[in-house]
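*Asks:*
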Amino acid sequence: MKSQMSKISNIDTKMPITFYACRVEIVTDPEMVSLAEQMKMPRLLNCTVPLADAEIVIRESVVVMNWLSSSPRWSARIEETLQCLAEDANGRPLLTAFIPINELIMLAEDLNSDCALDLRPAFVEWQALGATEGCFDGYRLDLGTIEAVESATSELSADLNPNGLEIL
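Okay, so the sequence shown: first residue is 1003 according to the working numbering, each after it adds one.
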């Protein structure tokens, strides 16, 4: 059974978002190699490692998040892997998505054409430095806020007929 991933709407637009470059490296620790062989899971040895000095923090995240929310292609792509894997130094949960670097460059092209925010040169540079994927971090809304948003969305959906018109 596929686990449920987070939604872009679960990201706090009042907080910064971060894009950073990573590359896949192979773990060579003998114990891990042995475990991967015993489990017949060679991909267990793949490890994503951030590249030094390859990070972009967007403090005013609302523009990017609104754009992502309105882009079915990119919101679906990010939500495929968006999950809570880490916290910041203060214990606040982060939602992280992983995107192949070539797709991140395409995302940047679309973002620039719609919002005049040009991240493409940085992402192309990351690729030249050996990045195989880009990661995206956003702060997760607190669970009470997420539940309220989901409840409001459910109520709104219940008020719509199959033609998408509000029933009065």
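Beta carbons are placed, not taken as given, at the ideal position from N, Cα and C, and that holds for glycine.
To which residues does DSSP link Thr1020 through a beta bridge?
*Replies:* DSSP, once it has assigned bridges, lists Val1059 and Asp1139 as partnering Thr1020.
*Asks:* Does DSSP put Val1181 in a helix, in a strand, or in coil?
*Replies:* With the chain covering 1003 to 1170 only, the question about residue 1181 has no answer from this structure.
*Asks:* Which word fits Glu1135, buried or exposed, when buried means at least 16 other C-beta atoms lie within 10 angstroms of its C-beta?
*Replies:* The residue in question, Glu1135, is buried, as its Cβ has 16 or more Cβ neighbours within 10 Å.
*Asks:* Mind checking Ile1013: buried by the 16 CB within 10 Å criterion, or exposed?
*Replies:* Classification for Ile1013: buried.
*Asks:* What residues in its chain sit with their C-beta under 8 Å from that of Glu1057, if we drop five residues either side in the sequence?
*Replies:* Closer than 8 Å at Cβ, skipping near neighbours: Thr1020, Phe1021, Tyr1022 and Ala1023.
*Asks:* Can you check DSSP and say which residues form a bridge with Arg1025?
*Replies:* Arg1025 is bridged to Val1051.
*Asks:* Kindly indicate which residue of Val1064, Asp1112, Phe1125 and Leu1097 has the alpha-carbon position closest to the one of Asn1104.
*Replies:* Closest by alpha carbon: Phe1125.
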